[in-house]
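Following numbering that gives the first Met the number 0, the numbering of the sequence shown begins with 0 at its first residue and continues without gaps.
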Amino acid sequence: MGYSSLCRSIVPAASDNYTHGRLGYKVCKITPHHMSGVLTGEQCARLFQNSSRDASANYCIGNDGGIVGNVDENNRAWTSSSRTNDCQAITIEVSNSSTGGNWPISDAAWNALINLCVDICRRYGFSLVYDGTPNGSLTRHNMFSNTDCPGPYLQSKLPELANIVNSRLGSGYTPAPIPAPSTGHKVGDVVSINGVYTASNSTKKLKPAKTSGTITRIISGALNPYLLDNGNLGWVNNGCITGGGSSASSSGGSSLDAVAQAVIAGNYGNGDDRKRRLQAAGYDYNAVQQRVNQILGGGRVSSTPSYNLDDVARRVIRGDFGNGEERKRRLQAAGYDYNAVQKRVNQML
Ligand SMILES: [Zn+2]
């Protein structure tokens with residue numbers, strides 16, 4: 000749909016800083032971010048003209064209230080660390096009026112944000128639902144990633160934003176229902192794998208016998224977010240796998256973690272009895288038992304790095320893990336080798 004007519008200027012992001020198209024998703028959400036700085040819309044948008052930034056936004060609103068287009072609404076900007084969210088969302092970076100503390104924004108930026116949201120809702124036919132979960136049509140970066148964005152001030156204003164925008168839309172306005180995500184996979188899904196899949200930067204052939212794998216880990220927003228078979232098959236993206244709905248996830252809707260916790264709680268007995276009962280309930284015994292072992296083993300997936308170091312380093316550079324000791328603590332809590340990740344970050348920078 001191009002850009003909003005409210006734009007003061009268009010400063011397009013580098014073409015390798017966003018995804019062309021929206022992978023079949025319809026626009027039905029808005030995700031406001033804060034810039035963690037005091038900038039004009041143009042200054043923020045220019046940052047996303049740097050290819051190595053690996054980030055962008057559909058719009059950047061400056062401290063002066065100027066609205067600047069950065070990624071055409073037809074395309075998915077890389078803003079919220081979530082493919083599913085950003086494929087459905089118009090993302091908006093909003094300048095702060097001062098740095099630190101509650102990370103406030105100016106009245107000019109606030110009013111511009113309201114006007115832009117009203118314009119987007121009118122054109123796409125939805126209203127703002129803020130329920131504090133990713134299911135609403137007004138979502139936050141920190142729902143998807145370990146970040147402070149959109150900052151305490153803007154976050155506290157989101158219910159008010161939804162109320163003001165919806166009242167501007169008027170009583171004659173009938174919003175379309177928010178469509179449920181139509182793609183995406185979850186941990187425990189057994190998926191079919193295309194004959195060739197892309198892992199990190201190289202294209203590899205599968206082991207001949209392998210036509211399916213189990214998703215054992217997901218990093219949303221990563222280039223290749225799905226880890227298969229604890230790294231034995233590597234990291235892949237959505238285009239490389241089809242299906243999903245393993246026996247574990249299709250029966251009763253329990254996630255692998257929930258079933259594993261039930262096993263640990265003793266609900267499925269032990270040994271062969273456990274195996275028989277899990278299988279009778281429709282679960283993939285090996286996948287469940289593997290998850291049980293991971294949980295009981297302190298959450299370590301394996302002794303060798305089974306994640307894509309470049310993806311993690313990019314997330315560190317993007318600020319997802321904070322700085323200094325906090326970064327170390329968060330990386331280690333997430334199961335990453337801090338020294339290896341930090342080394343890669345330093346190389347990239
Ligand atoms: Zn953000």
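A virtual CB, placed ideally from N, CA and C, is assigned to each residue, including glycine. In this text the structure is predicted, and so the values were computed from the model without any measurement.
Near ligand 1: residue i beta-carbon under 7 angstroms from a heavy atom
i, result
"P151", "no"
"T146", "yes"
"T138", "no"
"T83", "no"
"T78", "yes"
"H32", "yes"
DSSP bridge partner residues for residue i (one or two, in chain order)
i, result
"G58", "It is worth fixing the name first, because residue 58 is Tyr in this sequence and not Gly. Partner(s): G68, I91."
"I29", "I89, L137"
"L277", "Per DSSP, none; premise fails for L277."
"I214", "L227"
"Y17", "A76"
"S191", "S211, T241"
"I113", "DSSP lists no partner for I113."
"G233", "L227"
Rounded C-alpha distance that separates residue i from residue j
i, j, result
"A261", "G187", "15 angstroms"
"C6", "G65", "7 angstroms"
"S355", "T90", "No information on residue 355 is available, as it lies outside the stretch 0 to 348 that the chain covers here."
"R290", "L308", "23 angstroms"
"S248", "N285", "Its pLDDT being 32, under 50, S248 is placed unreliably by the model, and nothing is read from it."
"N322", "A257", "33 angstroms"
"V287", "K274", "10 angstroms"
"G318", "S81", "15 angstroms"
"V344", "D310", "10 angstroms"
"Q278", "G268", "13 angstroms"
"L127", "K25", "15 angstroms"
"L255", "H32", "32 angstroms"
"Q42", "R167", "30 angstroms"
"L226", "D147", "26 angstroms"
"Y172", "G242", "37 angstroms"
"S301", "D118", "Model confidence at S301 stands at a pLDDT of 39, short of 50, so the residue's coordinates are unreliable; what they give is reported in the following sentence. About 49 angstroms."
"N16", "G61", "20 angstroms"
"M34", "E324", "23 angstroms"
"G233", "D63", "46 angstroms"
"C120", "G270", "55 angstroms"
"A44", "L153", "20 angstroms"
"G100", "P149", "13 angstroms"
"N229", "I214", "8 angstroms"
"I9", "N69", "6 angstroms"
"N141", "P133", "10 angstroms"
"A108", "V235", "39 angstroms"
"S211", "S79", "30 angstroms"
"S201", "G265", "Confidence at S201 is low in this model, with a pLDDT of 36, below 50, so the placement of that residue is unreliable and no value is reported for it."
"G231", "G20", "One detail in the question is off: residue 231 reads as Asn in this sequence, not Gly. Going by the C-alpha atoms only, they are around 31 angstroms apart."
"Q341", "S50", "21 angstroms"
"V190", "N84", "22 angstroms"
"G131", "D272", "42 angstroms"
"S4", "T30", "19 angstroms"
"S170", "T18", "36 angstroms"
Residues near residue i in its chain [Cβ-Cβ closer than 7 angstroms; skip 5 each side]
i, result
"D71", "G1, Y2"
"R313", "D53"
"M347", "A312, I316"
"I294", "A259, I263"
"V164", "I113, C116, V117, C120, L127"
"P151", "N101, W102"
Proximity test, residue i beta-carbon vs ligand 3 heavy atom, cut-off 7 angstroms
i, result
"A107", "Absence of ligand 3 is noted for the structure shown, with ligand 1 being the only ligands found."
Neighbourhood of residue i by C-beta distance below 8 angstroms, restricted to the same chain and skipping five residues each side
i, result
"G298", "With a pLDDT of only 43 at G298, under 50, the local geometry of the prediction cannot be trusted, and the value read off the model is given with reservation. Closer than 8 angstroms at Cβ, skipping near neighbours: G334."
"T98", "S35, G36, V37"
"I217", "H184, K185, V186, P224, Y225, L226"
"V67", "C6, R7, S8, I9, V10, T39, G40, E41, C43, A44, Y58, C59, I60, G61"
"S105", "N62, D63, G64, S94, S96"
Spatial neighbours of residue i in its chain, beta-carbon cut-off 6 angstroms, leaving aside the 5 residues before and after
i, result
"K28", "Q87, A88, S136, T138"
"S253", "Confidence in S253 is poor, its pLDDT being 44 and thus under 50, which makes the residue's placement unreliable; the coordinate value appears in the next sentence. Excluding sequence neighbours, S253 sits near nothing in its chain."
"Y129", "G135, L137, L157, P158, A161"
"Q48", "A13"
"F320", "R326, R329, L330"
"Y123", "V26"
"S144", "S80, D319"
"N56", "Here residue 56 is Ala; the residue named in the question, Asn, does not match the sequence. Cβ neighbours of A56 beyond the five flanking positions: N69, A76, T78, T90, E92."
"A111", "I60, G64, I66"
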